[in-house]
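This report refers to the structure that appears directly beneath it.
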Amino acid sequence: MTAPATAAPSRYAFHYTGFRFFWATTLLVSFAVQIMSVSIAWQIYDVTGNAFLLGLVGLSLFLPALVLILVTGLTADRFNRRGIMAICLSVELLCAGGFLLFVNAQAHEIWPIFAILVALGTARAFWNPAAQSLAPNLVPPEALANAITTNMSAWQFASIAGPAAGGLLYGISPTVAFGTAATLIVIAIVCVLMIPKPVQVRGQQATSLETMFAGFRYIFSNKVVLGAISLDMFAVMLSGAYALMPVYAKDILHAGPQELGFLRAGPGIGAILMGLVLMRFPVRDHAGRTLFVFVALFGAFTVLFGFSTNAWLSVVALVLVGASDMVSVTIRETIMQLWTPEEVRGRVNAVNSVFIGASNELGEFRAGTVAALIGPVPAVVLGGFGAIAVAGIWATIFPDLRNQRHLDEKRA
Numbered sequence: 003m004t005a006p007a008t009a010a011p012s013r014y015a016f017h018y019t020g021f022r023f024f025w026a027t028t029l030l031v032s033f034a035v036q037i038m039s040v041s042i043a044w045q046i047y048d049v050t051g052n053a054f055l056l057g058l059v060g061l062s063l064f065l066p067a068l069v070l071i072l073v074t075g076l077t078a079d080r081f082n083r084r085g086i087m088a089i090c091l092s093v094e095l096l097c098a099g100g101f102l103l104f105v106n107a108q109a110h111e112i113w114p115i116f117a118i119l120v121a122l123g124t125a126r127a128f129w130n131p132a133a134q135s136l137a138p139n140l141v142p143p144e145a146l147a148n149a150i151t152t153n154m155s156a157w158q159f160a161s162i163a164g165p166a167a168g169g170l171l172y173g174i175s176p177t178v179a180f181g182t183a184a185t186l187i188v189i190a191i192v193c194v195l196m197i198p199k200p201v202q203v204r205g206q207q208a209t210s211l212e213t214m215f216a217g218f219r220y221i222f223s224n225k226v227v228l229g230a231i232s233l234d235m236f237a238v239m240l241s242g243a244y245a246l247m248p249v250y251a252k253d254i255l256h257a258g259p260q261e262l263g264f265l266r267a268g269p270g271i272g273a274i275l276m277g278l279v280l281m282r283f284p285v286r287d288h289a290g291r292t293l294f295v296f297v298a299l300f301g302a303f304t305v306l307f308g309f310s311t312n313a314w315l316s317v318v319a320l321v322l323v324g325a326s327d328m329v330s331v332t333i334r335e336t337i338m339q340l341w342t343p344e345e346v347r348g349r350v351n352a353v354n355s356v357f358i359g360a361s362n363e364l365g366e367f368r369a370g371t372v373a374a375l376i377g378p379v380p381a382v383v384l385g386g387f388g389a390i391a392v393a394g395i396w397a398t399i400f401p402d403l404r405n406q407r408h409l410d411e412k413r414a
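Per my numbering, the sequence shown runs over residues 3 to 414.
Shown next, in the form of structure tokens:
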């Protein structure tokens, strides 16, 4: 890593060459994934009109991470993380090509889409622990909180422009949408290969069940880390409404794919704005209480979105959802990365990826299933109230997390 010649390491992540390429990779890949997500969701719901199948999209992406959890983390700790990322992106490129072939074939069978989604989920299962573990190798500890916020802002910027672009591109032609995603992935592969080789501490223990379960042992032995990760998982799992946005756009707001893109961009708008605030005014005190407050707000704004029948009010609610989520994610990720030893970081991040996957993909599966049973509005509203309840319960059963004042373990 390189930084300005100053007496102390810079606290700004962009001062480090490796991180700049890493950030560009995150931006490009996230943009491509958002374009594909909007396009696939609209394709499935337009062909089938089945909200349950939208939930299966999330399940197809999540299951590989769950099944391979003991392998993906150990791989990130034992092998070159840049190389793993490049291989995963190559698989994602093939998946984008698969989607492109499917829509051009105008097939009426949906199962090939889910087969490609499983392959994509497998690539993401190896990508997440490798990428999450690489970031702390590219900047010093002083710049890690800024790096996490900045990197999350890249993802959120893609969440703003990606869904809108995806809806517009799909409206022009599915070929244009998936072709654009494939092109972005190719550029991302180049950026990964441009990241300077970082220092990586690798465990010397022989591979065994004990080494494979090291990530689980660390998380369950550290109540602050366990509380932060599980809080996010259950809150988002209950209140996740992204899978139902095609239903809201088409059946409740009576809109099309372009409007769906703007709805999907709402959380990203809120997150990027909050990210800019956090870069200037990071959380320095009362981190635990701040985390619980914003998780509760996340649930409250989800309830507002669930009740809304006005497109502009829905967008505002989603902006507030994204802003609240950005605060909680930044606190949670910074705590986990600062507190985790380097030699087990990949395995801890693999477990964290499954928790995130459970909150996002399983949350989409829950939303789709409940919507099929009782309707989309009750599914979203009840989920939002559930997230508020989780914030209150977790504040009670994880007092160490609630009373944690600083993000750095040494200053707890």
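For every residue, glycine included, the Cβ atom is placed at its ideal position computed from N, Cα and C.
Taking the runs of the alpha helix (DSSP H) that are 4 residues or longer, which of them lie wholly in the region 107-145?
113-140
Does DSSP put Ala257 in a helix, a strand or coil?
In the sequence shown, counting from the first residue as 1, residue 257 sits at position 255. The answer is coil: DSSP assigns Ala257 none of H, G, I, E or B.
Which residues mark the beginning and the end of the alpha helix (DSSP H) in which Ala391 is found?
Position 389 of the sequence shown holds residue 391. It spans Pro378 to Ile399 - the alpha helix (DSSP H) in which Ala391 sits, taken as one unbroken run.
So, under 8 Å CB-CB, Ile333 and Val285 are touching, yes? Tell me the CB distance rounded to an integer number of Å.
Stepping through the sequence shown from its first residue, residue 333 is reached at position 331. Stepping through the sequence shown from its first residue, residue 285 is reached at position 283. Yes, they are in contact, since the Cβ atoms of Ile333 and Val285 sit about 6 Å apart, within 8 Å.
For the candidate residues Gly229, Ile71, Ala137 and Leu122, whose alpha-carbon lies nearest to that of Gln406?
Here the question's residue 406 lines up with position 404 in the sequence shown. When each option's Cα is compared against that of Gln406, the closest is Gly229.
Under the assumption that Val297 contacts Ala373 (Cβ atoms under 8 Å), give the Cβ distance between them as a whole number of angstroms.
Start at 1 with the first residue of the sequence shown, and residue 297 comes out as number 295. Start at 1 with the first residue of the sequence shown, and residue 373 comes out as number 371. Val297 to Ala373, Cβ: 23 Å. No contact.
Could you give the distance in angstroms between the alpha-carbon of Pro114 and the alpha-carbon of Leu61?
Within the sequence shown, the letter at position 112 stands for residue 114. Within the sequence shown, the letter at position 59 stands for residue 61. C-alpha separation (whole angstroms): 15 Å.
Beta-carbon gap between Thr28 and Asn153 smaller than 9 Å
Sequence index remark: in the sequence shown, residue 28 carries index 26 (1-based). Sequence index remark: in the sequence shown, residue 153 carries index 151 (1-based). Their beta carbons are under 9 Å apart, which means Thr28 touches Asn153 by this criterion.
So, with DSSP's three-state summary, where would you put Asn405?
Taking the first residue of the sequence shown as 1, we reach residue 405 at position 403. Three-state DSSP puts Asn405 in coil, outside helix and strand.
Distance, Cα to Cα, Phe128 vs Pro198?
To locate residue 128, count along the sequence shown from 1; it is residue 126. To locate residue 198, count along the sequence shown from 1; it is residue 196. Straight-line Cα distance between these residues: approximately 20 Å.
Using 8 Å as the Cβ pair cut-off and three pairs as the minimum, do the region 286-306 and the region 382-399 touch?
yes
Span of the alpha helix (DSSP H) around Thr311:
Numbered from 1 along the sequence shown, position 309 holds the residue referred to as residue 311. Looking at the DSSP string, Thr311 is not in any alpha helix (DSSP H), and its letter there is neither H nor E.
Please classify Leu95 as buried or exposed, where buried requires at least 16 other C-beta atoms within 10 Å of its C-beta.
Against the sequence shown, residue 95 aligns to sequence position 93. The residue is buried, with at least 16 neighbouring Cβ atoms inside 10 Å.
On a CA-only basis, which of Val120, Pro138 and Ile86 is nearest Gly100? Give me that one, please.
Numbered from 1 along the sequence shown, position 98 holds the residue referred to as residue 100. Looking at the Cα atoms, Val120 is the closest of the given residues.
Tell me whether the region 158-178 and the region 77-87 touch, counting them as touching only if at least three CB pairs, one residue from each stretch, are closer than 8 Å.
no
Is the beta carbon of Leu140 less than 9 Å from the beta carbon of Tyr18?
Mapped onto the sequence shown, residue 140 falls at position 138. Mapped onto the sequence shown, residue 18 falls at position 16. Yes, these two residues count as a Cβ contact at 9 Å.
Sequence-distant residues of the same chain with beta carbon closer than 6 Å to Met2, five excluded per side:
No information on residue 2 is available, as it lies outside the stretch 3 to 414 that the chain covers here.
Reference Ala67, options Trp396, Ala391 and Asn354, closest by Cα:
In the sequence shown, counting from the first residue as 1, residue 67 sits at position 65. The candidate whose alpha carbon is nearest that of Ala67 is Asn354.
Hey, quick one: how far does the alpha helix (DSSP H) through Thr342 stretch, first residue to last?
Your numbering for residue 342 matches position 340 in the sequence shown. Careful: Thr342 lies outside any alpha helix (DSSP H) and carries neither H nor E.
Own chain, CB closer than 7 Å to Asn148, minus 5 neighbours either side, in chain order:
Sequence index remark: in the sequence shown, residue 148 carries index 146 (1-based). Cβ neighbours of Asn148 beyond the five flanking positions: Arg13, Tyr14, Ala15 and Met281.
For His288, three-class secondary structure by DSSP:
On the sequence shown, position 286 is the one that residue 288 refers to. Reduced to three states, the DSSP call for His288 is coil.
I need the straight-line Cα distance from Val49 to Leu58, nearest angstrom please.
As a working mapping, residue 49 is identified with position 47 in the sequence shown. As a working mapping, residue 58 is identified with position 56 in the sequence shown. The alpha-carbon atoms of Val49 and Leu58 are separated by roughly 15 Å.
For Glu144, is the classification buried or exposed, using 16 other Cβ atoms within 10 angstroms of its Cβ as the cut-off for buried?
Sequence index remark: in the sequence shown, residue 144 carries index 142 (1-based). Its Cβ having fewer than 16 others within 10 Å, Glu144 is exposed.
With distances taken Cα to Cα, identify the nearest neighbour of Leu70 among Gly123, Leu30, Ala88 and Val40.
Locating residue 70 in the sequence shown gives position 68, counting from the first residue. Comparing Cα positions, the closest option is Gly123.
Expressed to the nearest angstrom, what Euclidean distance is found between the alpha-carbon atoms of Thr8 and Val323?
For the purposes of this step, residue 8 is taken as the residue at position 6 of the sequence shown. For the purposes of this step, residue 323 is taken as the residue at position 321 of the sequence shown. Because the pLDDT of Thr8 is 49, which lies under 50, any placement of that residue in the model is unreliable, and the question is left without a value.
Straight-line gap, Arg291 to Ile174 (C-alpha atoms, nearest Å):
Indexing the sequence shown from 1 puts residue 291 at position 289. Indexing the sequence shown from 1 puts residue 174 at position 172. So the two alpha carbons sit approximately 47 Å from each other.
Tyr14 (DSSP reduced to helix, strand or coil):
In the sequence shown, residue 14 corresponds to position 12, counting from 1. Coil at Tyr14, not helix or strand.
What separation, rounded to the nearest whole angstrom, lies between the Cα atoms of Ile118 and Asp287?
Here the question's residue 118 lines up with position 116 in the sequence shown. Here the question's residue 287 lines up with position 285 in the sequence shown. Cα to Cα, Ile118 sits roughly 45 Å from Asp287.
For Phe283, name the three-state secondary structure that DSSP assigns.
In the sequence shown, counting from the first residue as 1, residue 283 sits at position 281. In this structure, Phe283 counts as coil in the three-state DSSP scheme.
Helix, strand or coil at Ser232 [DSSP, three-state]:
Taking the first residue of the sequence shown as 1, we reach residue 232 at position 230. If DSSP states are grouped into helix, strand and coil, Ser232 belongs with the helices.
What whole-angstrom Cβ distance do Val194 and Ala88 have, given they're in contact under 8 Å?
By 1-based counting over the sequence shown, the position of residue 194 is 192. By 1-based counting over the sequence shown, the position of residue 88 is 86. The pair is a contact, with the Cβ atoms about 5 Å apart (cut-off 8 Å).
Excluding the 5 residues preceding and the 5 following Arg22 in the sequence, name in chain order all residues of the same chain whose CB lies nearer than 7 Å to its CB.
On the sequence shown, residue 22 is found 20 positions in, with the first residue counted as 1. Within the same chain, Arg22 has close Cβ partners Phe16.
Which residues mark the beginning and the end of the alpha helix (DSSP H) in which Gly20 is found?
Indexing the sequence shown from 1 puts residue 20 at position 18. Start and end: Thr19 to Thr50.
How is Ser62 classed by DSSP in three states: helix, strand or coil?
The residue labelled residue 62 in the question sits at position 60 within the sequence shown. DSSP places Ser62 in helix when its eight states are reduced to three.
Round the Cβ separation of Met239 and Gly365 to the nearest angstrom and send it over; I've been treating them as touching at under 8 Å.
For the purposes of this step, residue 239 is taken as the residue at position 237 of the sequence shown. For the purposes of this step, residue 365 is taken as the residue at position 363 of the sequence shown. With a Cβ gap of about 4 Å, Met239 and Gly365 count as contacting.
Buried/exposed call for Trp314, threshold 16 Cβ in 10 Å:
Numbered from its first residue, the sequence shown carries residue 314 at position 312. Its Cβ having fewer than 16 others within 10 Å, Trp314 is exposed.
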